[in-house]
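Data first, discussion second: the structure below is written as structure tokens.
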Amino acid sequence: MILSCVAFSIFVAASLANPEPRCAISLTTASGTSAKPGPYCSWELIFEDNFDFLNFETWEHENTLSGGGNWEFQWYQNNRSNSYCEHGIFYIRPTLLADDTGEAFLSSGTLNIHGGEPANQCTNPSYFGCERTGSQTNLINPIKSARVRTVNSFNFKYGTMEVRARMPTGDWLWPAVWLLPKRQTYGGWPASGEIDLLESRGNIDYRGANGVHIGTEQFGSTLHFGPSPTLNGWETTAAYKNTAAGQGWNTGFHNYQLTWSPDYIRFSVDNQVVSQINAGTGFWNRGNFGNIAPGTENPWIHGTRMAPFDQEFYIIMNLAVGGTNGYFPDVPPATNANRGKPWTNASPTAARDFWNGRNTWLPTWRMTDNRGKDSSLQVDYSVSIPLLALLLAGLAVSFGEQSPKCSVSVTTASGTRARAGPYCSGELIFEDNFNTLDFETWEHENTLSGGGNWEFQWYLNHRSNSYCENGIFYIRPTLLSDDTGEAFLSSGTLNIHGGQPADQCTSPMFWGCERTGSPTNLINPIKSARVRTVNSFNFKYGTMEVRARMPTGDWLWPAVWLLPKRNAYGSWPASGEIDLLESRGNIDYRGANGVHIGTEQFGSTLHFGPSPTLNGWETTAAYKNTAAGQGWNTGFHNYQLTWTPDYIRFSVDNQVVSQIDAGTGSFFDRKTIPLLVIIVGLSAALIAVCIDAYAGDSEDVVDRPKQPDGEAPLECERPSVTTASGTMVKRSAFCSGDLIFEDNFDRLDLARWEHENTLGGGGNWEFQYYLNSRRNSYVKDGIFFIRPTLLADDAGEEFLSSGNLNIHGGTPYDYCTNPANYGCERQGNPTNYLNPIKSARVRTVHSFNFKYGKVEIRAKLPTGDWLWPALWLMPKMNQYGTWPASGEIDLMESRGNLDYSVDGNQLGVEHIGTTLHFGPYPGLNGYEMATSAKYSPSGQGFNKGFHRYQLEWTPEFMRFLVDDEQVMQVDGNFWQLGAFDQRAPNTPNPWVTGGKMAPFDEEFYIIMNLAVGGTNGFFPDTPPATNANGNKPWSNQSPTALRDFWNGRSNWLPTWKLQENESAEASLQVDYVRVWAL
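Add 149 to a position in the sequence shown, counting from 1, and you land on the number used in the numbering used here.
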């Protein structure tokens, strides 16, 4: 059976800026890598795909077993057996997992789909979406299928979208074309909405209890919206369209249309309206939620009347199978010809029952007839949309002086470090001479997974393991036991889930994020490094040269290799691997034939094949040996790759090692990721490298203009030392005093502020659950509020001690952001409660990062016992290693207690602290040498009004101020300031390659949050501390701190005043955030 989706086009009303002649300016907005820059003219075509080929830059495949949240029966994956283009048609085709694994695997195997590289990682861990184990009663998803989305490439708000499609035929097939929000502006599903353009069922004669055909002769269009999953107003918008008998939507192509405006959403088919949903007085009233659930807060109160459908959405196309959410009504009361339905929606063994009934449904899929195309969803756009009022007579663009003609290369490249193409043949398009370790170019992996080969190293980002010195990049092995003690290897637990984007685990496959040692199964004993250019530089065709010296040492395994940016042909090895060089560090290691296979040999190989067990690498493997005693470890050599549309050639020092011709088959024709990697057997190696990549041979000859810079020149003689990056940064250089970031909170801009979604407790076992909900973070009258609420108000108090809270989200903007410290899932029990407080933490990690400048945040601090407001900064890249080696800047921290003190010194609302964290590892942190406090006059705490919290950050010092009054100045030289040589002799200095301000000489991003409690000591126990509203209900040593805190709520909860003035007193309130260039 094939679900085919083809030739997908979207038309949106928009406008160009001041075109001649004028055009009707559209309200449409769009974003993403495939979005044309706006504004747009009304009826301008802004997105189109006719599926001449499957464009992986546009369509991202999902990889998950989660079943769409409906316990559906398919595994969505990226494989050309399940999704491909042919003759302008995009097919999504279901296949049987048992055909690959055998039927017994469904009831006894373990399917772990955690991928090792970005292109094949699991995309949705919710509902056991990344790993399942089959049993006799609970089978692994028996069907393989596909779901694709434009979440990174194309998102839009308002416009006309048209899909020409043919529905599939086959029992229990569930084709869908739909849209989800780019960002969860109003909170998790369904608060931020869902637009279902079409859903159908593949059953030929499936009828509801009323006798109406609900199979191939019917499709439905729906909006999902509501404050919570159990309060969803979809039934008020659901509409269905049936064909005449025998003329189902599966018998031909039809045009499915969405018209989306600020006033209504209209669904149509073949230009006939199916339904129109008017905004009216808003979707809160449409859903009647105020009457259905009195006291429930309106998540759209600060939106327009179209909210939640007033934000950008992205497109999804998929073929699901079955499920237990009721989309397929049970038989009876429904009827399905004489074939019945093999499972019930209430069955705990639904997947097994479905599979066991395959003799009834599998023949209807007709998988062997014409490759199953009759049972496919096929989408083909064939409608012409006229442009209104825009006639562009001519266009003249000047690029300045033209460069001479050159041979234009077939090379393509992409990524943050890729220069704009096209390129001249032989042009240098990528170079790193390693004068510094550029973290914008080289991303460090952080994993224990062993490269899929059960290798013995832990790859991490630490300057003991990877650094630059005198133009050489070193990857150096160290022993884990030197840090932890040898006993840890056989008895400890190593959890490398990081709390910030820069230190998160990069590959969870093969227990890559957490391992526990035992006497028979040690934790990886070696620390090393592996770096990649997956986000910064990818290329197709060209010449690549790496100058390197191989390591010496038994069982070392150095490698320089390339992997595909997108798995265009499916997961490894279907999409290929290019191994430029692999070697071994053994000085005298010989194969059975006596040939040296250690330091005197390196190999070059291609991996390719339809599955891991069908890999043709042996047909391409080639080896080069040096003369005896002159191994590749004795000096530097140039390792070279020449990659063309006809062959791949490996060379060393300009001598050909091997050439693999494409011959009659397709070959490596996708963009790839050059990976500079040390892959280790027992320990890592020391390597020194320089890398160059050149454009390949020419295809044509053209005049190639010099690319315009696009930036207006600076209006100052010298640019500021300030640097900045991120989606909100529009310039590469600034003048002193330039305002480079500002938010006055006229609205909550989720493009600037990313919400964290975690139970991790900030690494301090704090008591809050950070999430994206308008109950906890919102803007009102130009003020940004972060407000605490009680989880028990939503889930009931019993849930805290017995419930399971799994916050793995199914879309990119509701993923769990920090799995450390059980941050993505927790189970409550009578002694260990779930986090009882809901709050918010926002950050600019993707939108704005800067180095050096002046920061000012005007804020009013909250009132309420055990509230912990904070304004702080963390490093964009962990340039010097994980916390605290790369630093932390705490602009302001305080406590919400009205009268909380130690030895007579106020620690509550009349006290704020500023601190720098720095040190080679968590147990060696110099923060006590760089912390200071400011006190307000008695009775005039920082909760009484707004104050300006300021940071002046220069290459010479960091100065903290409040309302222009200095609180602290720190003058750099942090290794000496921390006295680490005296405190821990022989500890390596992680900042030896940095400057005076290291680690505070890299870009940082801004964080604002309201935490609650914790056991790290920020709230000293009472006694010795005193608290006017009653003693602290937990101790910092208590194993039941969460429970103790919650049980003491009769003392602290009244101080929060949650029922007064929308809990304003308990909220962190921020008026503005501003950053100026130094």
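No residue lacks a Cβ here, since even glycine has one placed at the ideal position from N, Cα and C.
For residue i, name the three-state secondary structure that DSSP assigns.
i	result
residue 591	coil
residue 637	helix
residue 692	strand
residue 908	coil
residue 456	coil
residue 510	helix
residue 1107	strand
residue 308	strand
residue 851	Note that residue 851 scores 38 on pLDDT, short of 50, meaning its location in the model is unreliable and no value can be drawn from it.
residue 917	strand
residue 1041	strand
residue 462	strand
residue 467	strand
residue 1063	strand
residue 652	helix
Below 7 Å, is the gap between the Cβ of residue i and the nearest heavy atom of the ligand SAH?
i	result
residue 331	No copy of the ligand SAH occurs in the structure displayed, which carries no ligand at all.
Hey, how far is the Cα of residue i from the Cα of residue j?
i	j	result
residue 531	residue 313	A caution first: residue 531 carries a pLDDT of 28, below 50, which makes its placement in the model unreliable, though a value can still be read off. So the alpha carbons of these two residues sit roughly 7 Å apart.
residue 904	residue 1160	14 Å
residue 177	residue 308	6 Å
residue 303	residue 402	25 Å
residue 100	residue 354	The structure shown has nothing for residue 100, since the chain only spans 150 to 1227.
residue 606	residue 676	5 Å
residue 733	residue 805	21 Å
residue 908	residue 954	9 Å
residue 386	residue 372	6 Å
residue 870	residue 1144	14 Å
residue 1232	residue 594	Residue 1232 lies beyond the range of the chain shown here (150 to 1227); nothing can be said about it.
residue 92	residue 913	Because the chain is modelled from 150 through 1227, residue 92 falls outside the range shown and cannot be assessed.
residue 496	residue 611	50 Å
residue 227	residue 1224	43 Å
residue 792	residue 718	19 Å
residue 1218	residue 992	15 Å
residue 973	residue 646	11 Å
residue 573	residue 738	44 Å
residue 1222	residue 1004	8 Å
residue 1151	residue 1112	26 Å
residue 589	residue 994	13 Å
residue 200	residue 238	6 Å
Comparing C-alpha positions only, which one of the options sits nearest to residue i?
i	options	result
residue 563	729, 1070, 1020 and 205	205
residue 609	938, 1028 and 763	1028
residue 585	616, 600 and 577	616
residue 990	978, 902, 1054 and 367	902
residue 933	887, 1003, 1010 and 964	1010
residue 886	181, 669 and 1226	1226
residue 449	339, 359, 406 and 483	339
residue 269	656, 1203, 190 and 451	656
residue 491	1074, 649 and 321	321
residue 194	1133, 671, 183 and 486	183
Ranges of the beta strand (DSSP E) found wholly within the segment 229 to 287, counting only runs of at least 3: 232 to 235, 238 to 241, 259 to 261 and 280 to 282
Kindly confirm or deny that the segment 289 to 302 and the segment 217 to 228 touch, where touching means at least three C-beta pairs closer than 8 Å. yes
Across the segment 779 to 788 and the segment 747 to 759, are there enough close Cβ pairs to call them in contact, namely three or more that are closer than 8 Å? Segments in contact, yes.
Report yes or no: do the segment 1062 to 1072 and the segment 979 to 999 share at least 3 C-beta pairs separated by less than 8 Å? no
Three or more C-beta pairs below 8 Å linking the segment 1012 to 1022 and the segment 1189 to 1206: Output reads yes: the segment 1189 to 1206 touches the segment 1012 to 1022.
Segment contact flag, the segment 871 to 884 with the segment 939 to 951, C-beta cutoff 8 Å, min 3 pairs: no
What are the uninterrupted segments assigned as alpha helix (DSSP H) that are 4 or more residues long and contained completely in the segment 562 to 634, given in chain order? 630 to 633
For the segment 272 to 283 against the segment 248 to 264, are there 3 or more C-beta pairs whose distance is under 8 Å? Output reads yes: the segment 248 to 264 touches the segment 272 to 283.
Fully enclosed by the segment 924 to 1001, which beta strand (DSSP E) runs are 3 residues long or longer? 926 to 929, 932 to 935, 953 to 955, 974 to 976, 986 to 988, 990 to 992 and 998 to 1000
Just checking, does the segment 1114 to 1121 make contact with the segment 1070 to 1089 on the three C-beta pairs under 8 Å criterion? yes
Closer than 8 Å is the cut-off here; do at least three beta carbon pairs connect the segment 951 to 966 with the segment 860 to 877? no
Kindly provide the ranges of any alpha helix (DSSP H) runs that are 4 or more residues long and lie completely inside the segment 348 to 415, ordered along the chain. If only complete runs of 4 or more residues are kept, the segment 348 to 415 shows no alpha helix (DSSP H) anywhere.
Taking only runs that begin and end inside the segment 713 to 793, name each unbroken beta strand (DSSP E) of 3 or more residues, in chain order. Whole beta strand (DSSP E) segments, 3+ residues: 726 to 732, 750 to 756, 771 to 774 and 786 to 792.
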